[in-house]
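Residue numbers (my numbering), protein chains in the order written: chain U, 1 to 231; chain A, 232 to 858.
Note that CB positions come from ideal geometry on N, CA and C, so glycine has one too.
Working notes, beginning with the structure itself.
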Amino acid sequence: MTGRPRVAIVVFPGSNDDRDAAWALGALGADVDLVWHAEYELPEGVGAVVLPGGFSYGDYLRVGALASLAPIMGAVRRFADAGGPVLGICNGFQILCEARLLPGVLRPNRQLEFVCRDVVVRVETAQTLFTRRCVEGQELVLPVKHGDGAWYADEGTLMQLAARGQIVFRYTEDVNGSLGNVAGVTNEAGNVMGLMPHPEHAVDPLLGSADGGLILAALVDAAAAHALATA
Amino acid sequence: MLDLGDGLAVAFKVESHNHPSAVEPFQGAATGVGGILRDIVSMGARPVALLDGLRFGEPDWHFSRAVGGIGHYGNCVGVPTVGGETVFDEAYRDNCLVNAMCVGLLPVERLTRAKATGSGLSVLLYGATTGRDGIGGASVLASQELGDESAEKRPSVQIGDPFTGKKLIEASVELVSAGLVESLQDCGAAGIASALSEMAADYGIDVHLDRVPLREEGMEPWEVMISESQERMVAIVRPQMLEAVEAVLDRWELHHAVIGEVTSTGELRATWHGEVVGAIPARLLTDECPRYEVAQRPRLPRPEREIVDAPATAEALLALLASPGVRSREPVYRRYDQLVGSRTVRRPGLDAAVLRLRPSMRGLALSLDGQGRIARLDPFTGGALAVLEAARNVACAGGEPLGLTDCLNFGNPEKPEVGWELAEAIEGMAQACEALGVPIVSGNVSLYNETNGRAIHPTPVVGAVGLVQDVRLVPKGWREGDVVLLAGAGALSLAGSEYQARFGEVSGRPAPLDLEVEARLVSFLWRAAPLCSLVHDASEGGLAVALAESALVSDVGARLELLDEPVELFGEVGGRAVLACRAEVVADLERLAHESGVPLRRAGEVGGDTLLGVELRELRTAHGSES
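This is the structure in structure tokens:
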């Protein structure tokens with residue numbers, strides 16, 4: 001394979017962090033395709049998909065609910081089913097939960113207010129596609145900015161996810177009322193991850209932190225590997 | 232709009248949304264943000280930052296709802312809120328002020344690109360549909376005093392839809408970038424009527440109101456003409472471009488309709504199913520509108536009342552830090568997305584926020600300031616101070632002030648005292664701008680801010696944009712062992728100060744300003760900032776509070792030698808700034824200060840965990856800020 005790994009970023013009407021993610025991934029060595037929500041197929045040769053932060057379709061009805069039914073989501077589901085790496089950030093996490101590609105739901109923050117600040121998350125497992133550049137127990141500084149970030153699942157699901165290593169990040173404090181301080185989870189196969197903090201806003205020390213680069217660079221690695229495997 | 236060099240220009244403006252916010256704070260504040268965003272978009276710029284000036288009686292539910300409304304809109308549309316100010320004062324209890332400022336960026340060639348004008352061009356309305364909401368927003372609400380029956384005016388408050396607003400921004404930026412439209416106008420106050428009047432003044436416009444996409448049945452032509460339904464814009468389009476424009480709008484799923492055409496009659500003429508329902512020479516709506524000479528009568532301040540039983544310095548400092556006027560704004564900023572756009576090098580909190588102008592290392596420093604309490608005692612000084620404070624704030628972040636925008640919030644100008652306040656404040660602002668050599672490039676006026684006959688403080692609010700040459704050198708916080716210096720020599724007084732408001736009674740005449748001295752200080756500060764670990768100017772609460780804020784943001788105290796006098800520690804008006812730097816840099820700073828004609832003196836050294844005899848931990852608890 002030649003050239004830089006290609007990452008598709010889905011743009012819904014109301015996506016806000018799409019350009020930020022494109023800039024960050026571009027700086028980390030990816031070629032980025034911005035893919036409009038009304039498309040039915042991902043571009044040929046894409047090695048990973050990002051669902052960015054924002055307020056897709058205004059987040060009317062329920063966060064992520066409308067976007068989970070967008071035309072492009074059929075293609076994202078097929079890509080995920082074929083083992084392609086998919087990362088949902090903030091609104092993207094909410095969409096992936098609504099699409100049942102990830103376990104649990106995201107509820108309004110317990111404080112019932114939007115929260116924007118830097119938080120510390122602990123890497124619970126370095127065994128995922130997305131955390132291979134981290135070590136278990138490592139603490140990352142990442143910003144959060146959301147009104148609906150309290151992840152929730154029933155106790156049984158939480159225990160099961162923890163046992164299977166699907167809980168990837170936990171906040172080191174209670175940020176939004178998230179069950180078990182969960183900040184990010186994967187699907188059972190480990191190729192789909194959602195997280196509420198924003199790695200794309202943490203790739204430059206000038207802007208506060210570069211820790212998010214570890215996650216996004218791992219995604220670029222995974223994109224290259226997936227493209228190679230399916231070429 | 233100002234040229235920033237490197238092919239980039241900046242557009243910025245501040246606007247009020249006071250009366251709607253007084254009647255319904257959430258939607259009032261939200262639509263205020265929506266309106267100023269569209270103003271910047273209509274200049275062809277992409278909005279990159281919002282700032283908000285909020286003035287309320289106290290931090291109550293009403294205030295919290297306004298903050299929620301700003302967040303609701305700004306967060307949803309993906310524009311970061313990076314600064315502003317929050318003031319609590321009895322004077323704003325029944326008539327809050329919500330001022331929103333937006334900053335946008337555009338390629339400089341977009342300013343100079345030749346634009347088609349004149350008859351034959353199409354007038355295209357796009358965005359949301361038009362309904363009865365917000366009818367009379369500008370006339371029923373904004374141009375009358377409020378009273379007890381104001382709740383009945385809720386139907387005149389516009390309702391915001393940030394999702395449509397976001398699509399409108401993206402579609403508009405796309406239209407402008409592709410050169411598909413000749414110009415854009417926002418449908419703000421007075422809706423289509425005002426959006427078209429400017430264009431009509433130069434040429435003439437025929438508008439067919441029956442072609443406007445409506446959201447309810449049975450609307451009268453006049454209602455369509457002045458509806459303030461949100462999220463609508465007007466584009467002037469060459470007929471051959473219409474198809475391409477409509478394709479963009481269809482992709483963004485926005486309503487659109489050609490509602491009229493540019494003529495050469497000089498008239499703004501409205502028709503309804505072919506019948507003329509209104510016509511006026513358009514110049515009467517713009518350059519030749521009626522002008523008023525307002526009567527003026529000076530309002531003399533009460534003589535300064537002595538403060539009795541003034542507390543000791545430590546106690547006063549803690550009380551001021553804990554007061555609603557000074558305490559940490561983190562709980563407010565936390566509710567806003569400060570980061571989207573990946574430009575925010577310095578987040579809100581200290582003096583001015585800084586945005587990086589990627590890919591260069593240059594940046595914009597942004598600030599929004601007003602001095603209503605001092606303006607109440609002396610509107611000239613209050614007006615000048617708003618300009619100086621805004622300029623000083625961007626200078627503290629290393630930004631050379633490039634331009635200003637202003638929002639004049641006043642009471643009923645038909646009352647001679649208010650007329651006088653207005654004239655004095657404008658004169659103060661004008662003289663301060665002249666001293667600084669910085670222009671005011673845009674602005675807005677909000678009058679009739681009275682409820683049951685009680686006027687707000689005269690409150691000129693000024694937004695400043697400064698150019699930072701290297702964002703890596705923006706001061707972050709003082710460090711152990713740094714030398715602490717004080718710059719500035721303006722006269723100080725307690726009249727109108729936070730200290731007087733807290734421990735005495737607001738009265739007396741604020742110290743006179745020497746505008747030349749103040750301008751020299753601003754010029755020194757932005758040159759000095761890249762050499763410093765910290766630069767922070769004294770404002771509400773005076774020098775003592777500025778030092779405490781410096782220590783808190785840096786998380787280390789200082790050993791200082793200061794005169795233990797209330798006016799020295801807590802006095803306001805005259806510009807002063809705290810600077811900190813490594814010992815080896817002091818000589819450079821002293822030389823710069825000497826060249827700039829600014830008095831600079833050493834005040835002590837950074838270190839320890841106390842400040843002015845109070846433990847940092849105690850200061851932090853009082854201030855409510857996090858380490």
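**OP:** Show which residues of chain A have a CB atom less than 9 Å away from the CB atom of P13 of chain U.
**Re:** Within the first sequence, numbered from 1, the residue matching residue 13 of chain U stands at position 13. Under the 9 Å cutoff, chain A gives F394, K397, K398, E401, W483, E484.
**OP:** Measuring only between beta-carbons, confirm whether V192 of chain U sits less than 8 Å from chain A.
**Re:** The residue you call residue 192 of chain U lines up with position 192 of the first sequence. With 8 Å as the cut-off, V192 of chain U does not count as an interface residue toward chain A.
**OP:** Go through its chain and collect everything with a Cβ distance to R296 of chain A's Cβ below 7 Å, but skip five positions before and after it.
**Re:** Position 65 of the second sequence, counted from the first residue, corresponds to residue 296 of chain A. Here the set comprises P256, F257.
**OP:** Please classify A210 of chain U: does DSSP put it in a helix, a strand, or coil?
**Re:** In the first sequence, counting from the first residue as 1, residue 210 of chain U sits at position 210. DSSP places A210 of chain U in coil when its eight states are reduced to three.
Original post:
Out of A:L352, A:C333, A:W453, A:R604, which has the shortest C-alpha to C-alpha gap to E771 of chain A?
Top reply: Locating residue 771 of chain A in the second sequence gives position 540, counting from the first residue. Nearest C-alpha to E771 of chain A: A:R604.
**OP:** Please compile the residues from chain A whose C-beta is within a distance smaller than 8 Å of the C-beta of L206 of chain U.
**Re:** Numbered from 1 along the first sequence, position 206 holds the residue referred to as residue 206 of chain U. Neighbours of L206 of chain U on chain A, chain order: V576, R587, V702, R703.
**OP:** Output the distance between the C-alpha atoms of M1 of chain U and A227 of chain U, rounded to the nearest integer angstrom.
**Re:** What you label residue 1 of chain U is simply residue 1 of the first sequence in a count that begins at 1. What you label residue 227 of chain U is simply residue 227 of the first sequence in a count that begins at 1. In this prediction, M1 of chain U scores a pLDDT of 47, lower than 50, which makes its location untrustworthy; no coordinate-derived value is stated.
**OP:** Have a look at I267 of chain A and A501 of chain A and give me their C-alpha separation to the nearest angstrom.
**Re:** Counted from its first residue, the second sequence places residue 267 of chain A at position 36. Counted from its first residue, the second sequence places residue 501 of chain A at position 270. Cα to Cα, I267 of chain A sits roughly 27 Å from A501 of chain A.
Original post:
Counting along the chain, where does the alpha helix (DSSP H) carrying M159 of chain U start and finish?
Top reply: As a working mapping, residue 159 of chain U is identified with position 159 in the first sequence. 155-163 is the extent of the alpha helix (DSSP H) around M159 of chain U.
Original post:
Can you give the beta carbon distance from T360 of chain A to S460 of chain A, rounded, assuming they're within the 8 Å contact cut?
Top reply: Reading the second sequence from its first residue, position 129 is the one you call residue 360 of chain A. Reading the second sequence from its first residue, position 229 is the one you call residue 460 of chain A. Sure, about 7 Å apart at Cβ, within 8 Å.
Original post:
Going straight from the alpha carbon of F93 of chain U to that of L581 of chain A, what length do you get?
Top reply: Locating residue 93 of chain U in the first sequence gives position 93, counting from the first residue. Locating residue 581 of chain A in the second sequence gives position 350, counting from the first residue. Distance between the alpha carbons of F93 of chain U and L581 of chain A is about 33 Å.
Original post:
Exposed or buried, what is Q731 of chain A when buried is set at 16 or more other beta-carbons lying within 10 Å of its beta-carbon?
Top reply: Sequence index remark: in the second sequence, residue 731 of chain A carries index 500 (1-based). Q731 of chain A is buried by the Cβ-count criterion.
Subject >> Residue from U:L219, U:V115, U:L28, U:A21 with nearest C-alpha to F130 of chain U >> reply: Along the first sequence, read from residue 1 onward, the residue named residue 130 of chain U stands at position 130. The shortest C-alpha separation from F130 of chain U is found at U:L219.
Original post:
So who's on the other strand from T575 of chain A, going by DSSP bridges?
Top reply: Taking the second sequence and counting its residues from 1, one reaches residue 575 of chain A at position 344. A:L586, per the DSSP bridge assignment.
**OP:** Give the interface partners of C307 of chain A over in chain U, defined as CB-CB distance under 9 Å, in chain order.
**Re:** In the second sequence, the residue the question calls residue 307 of chain A occupies position 76. In chain order: G14, N16, G54, F55, G58, D59.
**OP:** Give the C-beta separation of G183 of chain A and L619 of chain A to the nearest angstrom, bearing in mind that I take them to be a contact with Cβ-Cβ under 8 Å.
**Re:** Residue 183 of chain A is absent from the structure shown; chain A starts at 232 and stops at 858.
**OP:** Output, in sequence order along the chain, the residues in the segment 111-124 of chain U whose CB is closer than 8 Å to any CB in chain A.
**Re:** E113, F114, V115, C116, R117
**OP:** Quick one: give me the first and last residue of the alpha helix (DSSP H) that V144 of chain U is part of.
**Re:** Counting from 1 along the first sequence, the entry for residue 144 of chain U is found at position 144. Segment 139-146 is the beta strand (DSSP E) holding V144 of chain U; no alpha helix (DSSP H) there.
Original post:
Alpha carbon to alpha carbon, what distance is there between C307 of chain A and L570 of chain A?
Top reply: Here residue 570 of chain A is taken as the residue at index 339 of the second sequence, counted from 1. Here residue 307 of chain A is taken as the residue at index 76 of the second sequence, counted from 1. L570 of chain A and C307 of chain A: Cα-Cα distance of roughly 13 Å.
Original post:
Using a Cβ cut-off of 7 Å, which residues of the segment 35-55 of chain U contact any Cβ in chain A, in chain order?
Top reply: G54, F55
Original post:
Counting contacts by CB-CB distance shorter than 8 Å, is R851 of chain A in contact with chain U?
Top reply: Looking up residue 851 of chain A in the second sequence gives position 620. Not closer than 8 Å to any Cβ of chain U, the Cβ of R851 of chain A fails to qualify, so no.
Original post:
Can you list the residues of chain U that D568 of chain A reaches, using a CB-CB cut of under 7 Å?
Top reply: Residue mapping note: residue 568 of chain A aligns to position 337 of the second sequence, counting from 1. Within 7 Å Cβ-Cβ: C116, K145.
Original post:
For V571 of chain A, which residues in chain U fall below 7 Å Cβ to Cβ?
Top reply: Here the question's residue 571 of chain A lines up with position 340 in the second sequence. Ordered by position in chain U, the residues that pass the 7 Å Cβ test against V571 of chain A are N16, D17, D20.
Original post:
So what's A777 of chain A in DSSP terms, helix, strand or just coil?
Top reply: As a position in the second sequence, residue 777 of chain A is number 546, starting the count at 1. Shown here, A777 of chain A sits in a helix according to DSSP, grouped into three states.
**OP:** For Y564 of chain A, count neighbouring C-beta atoms within 10 Å of its own C-beta (all shown protein chains included) and say buried if the count is 16 or more, exposed if not.
**Re:** As a working note, residue 564 of chain A is residue 333 in the second sequence. Around the C-beta of Y564 of chain A, 16 or more other C-beta atoms lie within 10 Å, and the residue is accordingly described as buried.
Subject >> Residue burial classification, W36 of chain U (beta-carbon count within 10 angstroms, cutoff 16) >> reply: Within the first sequence, numbered from 1, the residue matching residue 36 of chain U stands at position 36. Exposed is the call here.
Original post:
Out of A:V576, A:A606, A:D600, which has the shortest C-alpha to C-alpha gap to M592 of chain A?
Top reply: On the second sequence, residue 592 of chain A is found 361 positions in, with the first residue counted as 1. Among A:V576, A:A606, A:D600, the Cα nearest to that of M592 of chain A belongs to A:V576.
Original post:
Mind listing which residues of the segment 532-563 of chain A have their C-beta closer than 7 Å to chain U's C-betas, in chain order?
Top reply: none
**OP:** With a 10 Å radius around its C-beta and 16 neighbouring C-beta atoms as the bar for buried, classify Y523 of chain A as buried or exposed.
**Re:** The residue labelled residue 523 of chain A in the question sits at position 292 within the second sequence. That one is exposed.
Original post:
By the criterion of Cβ-Cβ separation under 7 Å, what are the contact partners of H236 of chain U in chain A?
Top reply: No answer is possible for residue 236 of chain U: the residues shown for chain U start at 1 and end at 231.
Original post:
M1 of chain U by DSSP, collapsed to three states: which one?
Top reply: For the purposes of this step, residue 1 of chain U is taken as residue 1 along the first sequence, with counting starting at 1. Caution is warranted here: a pLDDT of 47 is assigned to M1 of chain U, below 50, making its placement in the model unreliable, and the coordinate value is therefore given only provisionally. Three-state result, M1 of chain U: coil.
Original post:
Beta-carbon separation of L633 of chain A and L282 of chain A under 8 Å?
Top reply: Translated into the one-based positions of the second sequence, residue 633 of chain A becomes position 402. Translated into the one-based positions of the second sequence, residue 282 of chain A becomes position 51. Not a contact, by the Cβ cut-off of 8 Å.
Subject >> Closer than 8 Å to chain U by CB, G302 of chain A >> reply: By one-based count along the second sequence, residue 302 of chain A stands at place 71. It does; some Cβ of chain U falls within 8 Å.
Subject >> Within chain D, the residues that W151 of chain U reaches when beta carbons sit closer than 9 Å >> reply: The question asks about chain D, but that chain is absent: this structure's protein chains are U and A.
Subject >> Proximal residues to E454 of chain A (C-beta, below 7 Å), its chain only, five neighbours per side dropped >> reply: Indexing the second sequence from 1 puts residue 454 of chain A at position 223. Here the set comprises R363, I366.
Original post:
Taking Cβ to Cβ, would you say G64 of chain U is nearer than 8 Å to C97 of chain U?
Top reply: The count along the first sequence starts at 1 and reaches residue 64 of chain U at position 64. The count along the first sequence starts at 1 and reaches residue 97 of chain U at position 97. Yes, Cβ-Cβ distance for G64 of chain U and C97 of chain U is below 8 Å.
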